[in-house]
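Participant:
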Amino acid sequence: MKRWTLALLVAGMAVSAGVAAAPLSCSLQVPVRQAVGQALLLQFTLTNTGTEPLWVLRWNTPWEGGWMAPFVALSRDGQALDYQGAMVKRAAPDGSAYLHLAPGQALRASIPLAPAFELRRAGRYLLQPAITLGDVQVQQGRDGPRLGQAWSGVELPCGEGRFELLTPR
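The sequence shown maps to residues -21 to -1, 1 to 148 in mature numbering (1 follows the signal peptide of the UniProt record, and there is no 0).
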């Protein structure tokens, strides 16, 4: 009995470790300089670098299409700025809340920074993504993500961005 329990525990750890190290990469692009008052768009790219299809919960990420939670930290001239966007609490996700990423597939998201942060002052800004994917699942022959299961959250490293807002002339 103990032998089977240990084998199942080790197998469960191997699956969890595989999910925790999800084969995903993230990149961020921001304009280097821009005038105060112009829309500043962030460009995020999420890529499945693995060999298996993945289901990724899009909630609270740039791939959701809007600011539903702070997934970046922003500072101006070394001073942290407060997040001013929405904060959404929800029931359990359905299948439409997930992105499907085939092996090698990249998904891009463009999102304006202004709805979430005050950008009316000139200065040097540092943007640090803090993206946690609420659930990442290997497809394993399914047509959709497993729903109603325990989520397997994954921190998604995504390089920082620096930009300067200039006073218009």
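Glycine is no exception: its CB is placed at the ideal position from the N, C-alpha and C atoms.
None of these values were measured; they are calculated from a predicted model.
For a test of the three-state rule: what should DSSP assign to residue 155, helix, strand or coil?
Facilitator: Because residue 155 is not part of the residues shown, which for the chain are -21 to 148, the question remains open.
Participant: Please say whether residue 115 and residue 33 have beta carbons closer to each other than 9 Å?
Facilitator: As a first step, residue 33 is located in the sequence shown; it is residue number 54 there, counting from the start. As a first step, residue 115 is located in the sequence shown; it is residue number 136 there, counting from the start. Taking 9 Å as the Cβ cut-off, residue 33 and residue 115 qualify as a contacting pair.
Participant: Taking buried to mean at least 16 other C-beta atoms within 10 Å of its own C-beta, is residue 121 buried or exposed?
Facilitator: If you number the sequence shown from 1, residue 121 lands on position 142. It counts as exposed.
Participant: Quick one, which of 56, 45, 30 has its alpha-carbon nearest residue 67's?
Facilitator: Translated into positions along the sequence shown, residue 67 becomes position 88. Residue 67 has its Cα closest to that of 45, out of 56, 45, 30.
Participant: Give the list of continuous beta strand (DSSP E) stretches no shorter than 3 residues that lie fully inside the stretch 51 to 116.
Facilitator: Taking only runs of at least 3 residues, the beta strand (DSSP E) segments lying wholly in the stretch 51 to 116 are 51 to 55, 77 to 80, 85 to 91, 102 to 108, 110 to 112.
Participant: Determine the closest residue to residue 40 out of 21, 71, 103, 28, with distance taken between C-alpha atoms.
Facilitator: Here the question's residue 40 lines up with position 61 in the sequence shown. Closest by alpha carbon: 21.
Participant: Please return the same chain residues whose Cβ sits closer than 7 Å to the Cβ of residue 107, not counting the five positions on each side in sequence.
Facilitator: Within the sequence shown, the letter at position 128 stands for residue 107. Only 51, 52, 139 meet the Cβ criterion.
Participant: Between 86, 15, 28, 35, which has its C-alpha nearest residue 124's C-alpha?
Facilitator: In the sequence shown, the residue the question calls residue 124 occupies position 145. Of 86, 15, 28, 35, the residue nearest in Cα terms is 35.
Participant: Is it the case that the Cβ atoms of residue 5 and residue 90 are separated by a distance below 9 Å?
Facilitator: By one-based count along the sequence shown, residue 5 stands at place 26. By one-based count along the sequence shown, residue 90 stands at place 111. No.
Participant: Which residue comes first and which comes last in the beta strand (DSSP E) that contains residue 126?
Facilitator: Locating residue 126 in the sequence shown gives position 147, counting from the first residue. Careful: residue 126 lies outside any beta strand (DSSP E) and carries neither H nor E.
Participant: By Cβ distance, which residues of its chain are closer than 6 Å to residue 132, with the 5 residues on each side in sequence left out?
Facilitator: Here residue 132 corresponds to residue number 153 of the sequence shown, with the count starting at 1. The answer, listed in chain order, is 111, 113.
Participant: Under 9 Å between the Cβ atoms of residue 11 and residue 100?
Facilitator: In the sequence shown, residue 11 corresponds to position 32, counting from 1. In the sequence shown, residue 100 corresponds to position 121, counting from 1. No, they are not a contact pair.
Participant: According to DSSP, simplified to helix, strand and coil, what is residue 134?
Facilitator: As a first step, residue 134 is located in the sequence shown; it is residue number 155 there, counting from the start. The answer is strand: DSSP assigns residue 134 an E or B state.
Participant: Looking at the structure shown, is residue 143 part of a helix, part of a strand, or coil, going by DSSP?
Facilitator: Along the sequence shown, one-based indexing puts residue 143 at 164. In this structure, residue 143 counts as strand in the three-state DSSP scheme.
Participant: Tell me which residue opens and which closes the beta strand (DSSP E) that residue 7 is part of.
Facilitator: The count along the sequence shown starts at 1 and reaches residue 7 at position 28. Start and end: 3 to 8.
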